[in-house]
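A short worksheet on the structure shown next.
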Amino acid sequence: MTTAVWIQADTIWSPSIIEVDEMADYQSLVDGWVEALQVPSLGITIFVNEEGRLRRLKFNARASLLWWQRTPEARNQMICGDAVIVGTPDATGKSTDAPDDLVTMLTEDGLFAVLVKIPYEDQGVYVDPVTGTSNHVVPLPPSMEGWYVCQGMYPDYFSAAVWAMLIEERWASVDDTKVASVAGMEHLFPKFMQRRSTD
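Using this note's numbering, the letters of the sequence shown map in sequence onto residues 3 to 201.
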């Protein structure tokens, strides 16, 4: 059995952890023949209905955001219908478990932030030299050299993914972006966390 995340197109349903085994499981979950969309930077495969658009299945905003945020060349396409997220295939071509950290971020409550990789050696307000847009950024530990966290908090992974894509579009100097859980980084958001504790 393979651990997966099922993201239904209807947003009244939260992403859920499921177990899949055979191709018939995937076909049942996406309601038809499957298409595999690879997202190597996240270590995942997104299984979708290959005829979702032709059949006019409901637009899956959350699965599309997950795909778009790490696959810019796919942003002129969309996922329609339910989606199943698993890990990338092993050497035999069999799907692996969805990465634990991503499963947690997609299915559990928490706060999320956008990380940016930029040519900057300070902290404070970073102004993009080309577009003039700005954001307050704080450097991450030396093990993540070049990465900064933007001072914005989001209630779920998908909201943060929207802003990650907007930053990529607006900041010409951004090398990369990603979404991360705030857990373990609370000290980088002292004013925000203090405000939450008094609510």
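Glycine is no exception: its CB is placed at the ideal position from the N, C-alpha and C atoms.
TODO: Report the partner residues of residue 137 according to the DSSP bridge assignment.
DONE: Here residue 137 refers to the residue found at position 135 when the sequence shown is read from its first residue. For residue 137, DSSP records a beta bridge to 128.
- [ ] Within its chain, find whatever has a CB closer than 6 angstroms to the CB of residue 143; leave out the 5 residues flanking it on each side and keep chain order.
- [x] The residue you call residue 143 lines up with position 141 of the sequence shown. Nothing listed; no residue qualifies.
TODO: Check residue 142 in the structure and name its three-state DSSP category.
DONE: Counting from one through the sequence shown, the residue named residue 142 turns up at place 140. Three-state DSSP puts residue 142 in coil, outside helix and strand.
Open item on the list: I need the boundaries of the alpha helix (DSSP H) containing residue 26, first residue and last residue.
Closed with: Your numbering for residue 26 matches position 24 in the sequence shown. Residues 25 to 32.
- [ ] Measure the Cβ-Cβ separation of residue 63 and residue 13 and say whether it is below 8 angstroms.
- [x] The count along the sequence shown starts at 1 and reaches residue 63 at position 61. The count along the sequence shown starts at 1 and reaches residue 13 at position 11. In this structure, residue 13 lies closer than 8 angstroms to residue 63 by Cβ.
Task: Inter-residue Cα distance where the pair is residue 34 and residue 51 - done: Taking the first residue of the sequence shown as 1, we reach residue 34 at position 32. Taking the first residue of the sequence shown as 1, we reach residue 51 at position 49. Cα-Cα distance, rounded: 6 angstroms.
TODO: Give every residue of the same chain whose Cβ lies closer than 6 angstroms to the Cβ of residue 10, excluding the five residues on either side of it in the sequence, and list them in chain order.
DONE: The residue labelled residue 10 in the question sits at position 8 within the sequence shown. Excluding sequence neighbours, residue 10 sits near 84.
Open item on the list: Please list the terminal residues of the continuous alpha helix (DSSP H) segment that includes residue 163.
Closed with: Against the sequence shown, residue 163 aligns to sequence position 161. Its alpha helix (DSSP H) spans residues 159 to 172.
Task: Bridge-paired residues (DSSP) for residue 41 - done: By one-based count along the sequence shown, residue 41 stands at place 39. The partner list for residue 41 (beta bridge, DSSP) reads 46.
- [ ] Whole angstroms is fine: what's the gap from residue 98's alpha carbon to residue 69's?
- [x] Taking the sequence shown and counting its residues from 1, the one referred to as residue 98 is at position 96. Taking the sequence shown and counting its residues from 1, the one referred to as residue 69 is at position 67. Between the alpha carbons of residue 98 and residue 69 lies a gap of roughly 18 angstroms.
Open item on the list: Tell me the DSSP secondary structure of residue 177 in three-state form.
Closed with: Within the sequence shown, the letter at position 175 stands for residue 177. In this structure, residue 177 counts as coil in the three-state DSSP scheme.
Task: Alpha-carbon to alpha-carbon, residue 4 and residue 120 - done: The residue given as residue 120 occupies position 118 in the sequence shown. The residue given as residue 4 occupies position 2 in the sequence shown. If you take the alpha carbons of residue 120 and residue 4, they lie about 37 angstroms apart.
Task: Residue environment, residue 17, which counts as buried when at least 16 other CB atoms sit within 10 Å - done: Reading the sequence shown from its first residue, position 15 is the one you call residue 17. Label assigned to residue 17: buried.
Task: Three-state secondary structure assigned by DSSP to residue 21 - done: Sequence index remark: in the sequence shown, residue 21 carries index 19 (1-based). It is a strand residue.
Task: Three-state secondary structure (DSSP) of residue 105 - done: Mapped onto the sequence shown, residue 105 falls at position 103. Residue 105: helix per DSSP, three-state reduction.
TODO: Tell me, to the nearest whole angstrom, how far the beta carbon of residue 46 is from that of residue 89; I am working on the premise that it is less than 8 angstroms.
DONE: Locating residue 46 in the sequence shown gives position 44, counting from the first residue. Locating residue 89 in the sequence shown gives position 87, counting from the first residue. Their Cβ separation, rounded to whole angstroms, is 6 angstroms, which keeps residue 46 and residue 89 in contact under 8 angstroms.
TODO: Taking only the alpha-carbon atoms, compute the straight-line gap between residue 39 and residue 79 and give it to the nearest angstrom.
DONE: Working through the sequence shown from its first residue, we reach residue 39 at position 37. Working through the sequence shown from its first residue, we reach residue 79 at position 77. Rounded to whole angstroms, residue 39 to residue 79 spans 12 angstroms at the Cα level.
Task: Boundaries (first-last residue) of the alpha helix (DSSP H) holding residue 63 - done: As a first step, residue 63 is located in the sequence shown; it is residue number 61 there, counting from the start. Where residue 63 is concerned, the enclosing alpha helix (DSSP H) stretches over 63 to 72.
- [ ] Name the one or two DSSP bridge partners that residue 85 has.
- [x] By 1-based counting over the sequence shown, the position of residue 85 is 83. Looking at the DSSP assignment, residue 85 forms a beta bridge with 9.
Open item on the list: Quick check on residue 115: does DSSP put it in helix, strand or coil?
Closed with: Mapped onto the sequence shown, residue 115 falls at position 113. The answer is strand: DSSP assigns residue 115 an E or B state.
- [ ] For residue 8, count neighbouring Cβ atoms within 10 angstroms of its own Cβ and tell me buried if that reaches 16, exposed if not.
- [x] Within the sequence shown, numbered from 1, the residue matching residue 8 stands at position 6. Its Cβ being crowded by 16 or more others within 10 Å, residue 8 is buried.
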